[in-house]
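Reading the sequence shown from the start, the letters are residues 3 to 185 in this note's numbering.
Following: one structure in structure tokens, then a few remarks.
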Amino acid sequence: MRVLGVDPGSVRTGYGVIERDGTRLRLITAGTLTAGEKAPLEERLLTIHTGLRALIDEYAPGAAAVEDIFMAKFPNAALKLGHARGVALLAIAQAGLSVHPYPPAVVKRSIVGKGAADKQQVARIVGVMLGLTELPGIDATDALAIALTHAQAARMHAALAPVTKPAVRLPRAAAARRGLKAR
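Set out below in structure tokens:
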């Protein structure tokens, strides 16, 4: 399974592509998309869109995991982050990939074991998980953490799928006889 992880930002958008084969994890590529802090917003958004489309075309991931929006302290920053995330989701949707959003605390808990971990702790564990001798940068390691979170969740879901059964719906009459409320 090949997963694209995206850490959207209006100035820097981190990306990472990993591959999971059973229990083996492998880094395919990671980096940061940026048009520069001084570039107009529309140019930065175009860089995110074209960069992600090129990555998807080149590395052919089967799924994409994107950091979910969190409440920023500054409304203007939150709005720009929403634009960046929207453009990332558009690029992913245009490629026909499924999108899996993960809040930052869930990613940190999945990688480090606690939702209040700092970025350096996350980066170190990502490096260990992927056997990296050099880390690709904080935005890229965040994106890799998001991809790893999805790879772990998908593996768990696949392992549990054969043993989980959908809930049985009782017909109204049968439910009434048992003193239960029908759904």
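Glycine residues also receive a C-beta, built at the ideal position from the N, C-alpha and C atoms.
All of these numbers come straight from a predicted model, not from anything done at the bench.
Helix, strand or coil at residue i [DSSP, three-state]
i	result
P106	helix
G88	helix
G53	helix
I71	coil
L114	One detail in the question is off: residue 114 reads as Val in this sequence, not Leu. DSSP places V114 in coil when its eight states are reduced to three.
D59	helix
L137	coil
D144	helix
G98	coil
G129	helix
A149	helix
P10	coil
A155	helix
R22	strand
A66	strand
Buried versus exposed call for residue i [16 or more other C-beta atoms within 10 Å across all chains shown]
i	result
R26	exposed
K116	exposed
T135	exposed
L81	exposed
V130	exposed
K40	exposed
I20	buried
S112	buried
A95	exposed
CB of residue i within 7 Å of CB of residue j, strictly
i	j	result
G11	A149	no
L43	T15	no
T143	V128	yes
V124	V114	yes
A90	V13	no
Y104	D141	no
T52	A37	no
A56	V5	no
Those residues which DSSP pairs with residue i across a bridge
i	result
T34	G16
L29	I20
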